[in-house]
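S.K.: Would you mind keeping the following structure in view while I ask a few things?
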Amino acid sequence: MTALINETIQDALNKQVVEEFTASAQYTAMAYYFESETLLGLAEFFHAQADEERGHALKLLSYVSEAGGQPLVPATKEPKNHFEDAEEVVQMALNQELKVTEQINSLVDVAIKENDHLTRNFLQWFVDEQLEEVSSMSALLSVVRRASKTNLLLVEDYLARHPREE
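Residues 94 to 259 in the numbering used here are what the sequence shown lists, from first letter to last.
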């Protein structure tokens, strides 16, 4: 098959796959933290986030494969598994989403530099997705901060009334 992406694009996308699988593992650890705290709405939210990040990795791998590149499935480092409180977890998640936004923007920059319109178009979905990710995580952090450590059941109520958009 003729490759529609060059090695620079392939390597950049495969590097992002590592980030997406790493985020999935981190969100899974966060979900189980909330399960251990019997905050099942937050646990469900972070399990869904983990699934979504895994989906992002698979989407990238599929694109590399379909474009004639060599997709690489990476090992990931162990995520953080111990947390002080809900605010620490959600702040960490927001920081993760801000980092991913920067990474996606950098990928778009690489596609533009390489004059790869196909990849640039493909990445637009991720650009749009990051707006939703950062927005929802920012909102959740605001709710967690307002609820404080003693009223986290209000966060559970918030999540029940504001389900994740798929």
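A virtual CB, placed ideally from N, CA and C, is assigned to each residue, including glycine.
Out of curiosity, what's the CA-to-CA distance linking H175 and M185?
M.R.: For the purposes of this step, residue 175 is taken as the residue at position 82 of the sequence shown. For the purposes of this step, residue 185 is taken as the residue at position 92 of the sequence shown. Approximately 12 Å between the Cα atoms of the pair.
S.K.: What is the residue span of the alpha helix (DSSP H) that G148 lies within?
M.R.: Residue mapping note: residue 148 aligns to position 55 of the sequence shown, counting from 1. L133 to E159 is the extent of the alpha helix (DSSP H) around G148.
S.K.: Rounded C-beta distance between T169 and F114? I'm assuming under 8 Å.
M.R.: Within the sequence shown, numbered from 1, the residue matching residue 169 stands at position 76. Within the sequence shown, numbered from 1, the residue matching residue 114 stands at position 21. Confirmed, about 5 Å.
S.K.: With a CB to CB cut of under 7 Å and the five nearest residues on each side skipped, what residues in its chain are close to F107?
M.R.: For the purposes of this step, residue 107 is taken as the residue at position 14 of the sequence shown. The sequence shown places Asn at residue 107, rather than the Phe named in the question. A distance below 7 Å between beta-carbons, with the five flanking residues on each side excluded, links N107 to the following residues of its chain, in chain order: V157, P164 and L165.
S.K.: Answer yes if the segment 96-111 comes into contact with the segment 200-214, meaning at least three C-beta pairs across the two stretches below 8 Å, and no otherwise.
M.R.: yes
S.K.: Threshold first: 4 residues or longer. Then list the alpha helix (DSSP H) segments lying entirely within the segment 159-225, N to C.
M.R.: 179-206
S.K.: Does the beta-carbon of Q119 have 16 or more other beta-carbons within 10 angstroms, so that it is buried, or is it exposed?
M.R.: Locating residue 119 in the sequence shown gives position 26, where the first residue counts as 1. Per the 10 Å Cβ criterion, buried.
S.K.: Can you tell me where the alpha helix (DSSP H) holding T95 begins and where it ends?
M.R.: Residue 95 sits at position 2 when you count from the first residue of the sequence shown. That residue, T95, is in no alpha helix (DSSP H); it is neither H nor E in DSSP.
S.K.: Please report the straight-line C-alpha distance between A124 and G148, rounded to a whole angstrom.
M.R.: Working through the sequence shown from its first residue, we reach residue 124 at position 31. Working through the sequence shown from its first residue, we reach residue 148 at position 55. Distance between the alpha carbons of A124 and G148 is about 17 Å.
S.K.: If you compare alpha carbons, which of K192, L200, L216 and E180 is closest to N244?
M.R.: The count along the sequence shown starts at 1 and reaches residue 244 at position 151. Looking at K192, L200, L216 and E180, the one whose alpha-carbon comes closest to that of N244 is E180.
S.K.: For S231, name the three-state secondary structure that DSSP assigns.
M.R.: Along the sequence shown, read from residue 1 onward, the residue named residue 231 stands at position 138. Here DSSP, grouped into helix, strand and coil, assigns S231 to helix.
S.K.: What is the C-beta distance between Q196 and E145, in whole angstroms, given that I count them as a contact (C-beta under 8 Å)?
M.R.: Here residue 196 is taken as the residue at index 103 of the sequence shown, counted from 1. Here residue 145 is taken as the residue at index 52 of the sequence shown, counted from 1. The Cβ separation is near 16 Å, so there is no contact.
S.K.: Could you give the C-beta distance for E249 and G161, rounded to a whole number, given that I count them as a contact under 8 Å?
M.R.: Start at 1 with the first residue of the sequence shown, and residue 249 comes out as number 156. Start at 1 with the first residue of the sequence shown, and residue 161 comes out as number 68. About 47 Å separates the two Cβ atoms, so there is no contact after all.
S.K.: Among residues of its own chain, excluding the 5 on either side of D201, which ones have a beta-carbon nearer than 7 Å to its beta-carbon?
M.R.: Residue 201 sits at position 108 when you count from the first residue of the sequence shown. First, the amino acid is wrong: residue 201 is Val here, not Asp. Apart from the 5 residues on each side of it in sequence, V201 sits with its Cβ closer than 7 Å to the Cβ of R213, L216 and V220 in its chain, given in chain order.
S.K.: By how many angstroms is the C-alpha of S241 removed from the C-alpha of A143?
M.R.: Along the sequence shown, read from residue 1 onward, the residue named residue 143 stands at position 50. Along the sequence shown, read from residue 1 onward, the residue named residue 241 stands at position 148. C-alpha separation (whole angstroms): 24 Å.
S.K.: Roughly how many angstroms separate the alpha carbons of W218 and I98, rounded to a whole number?
M.R.: Taking the sequence shown and counting its residues from 1, one reaches residue 218 at position 125. Taking the sequence shown and counting its residues from 1, one reaches residue 98 at position 5. Whole-angstrom Cα-Cα distance: 18 Å.
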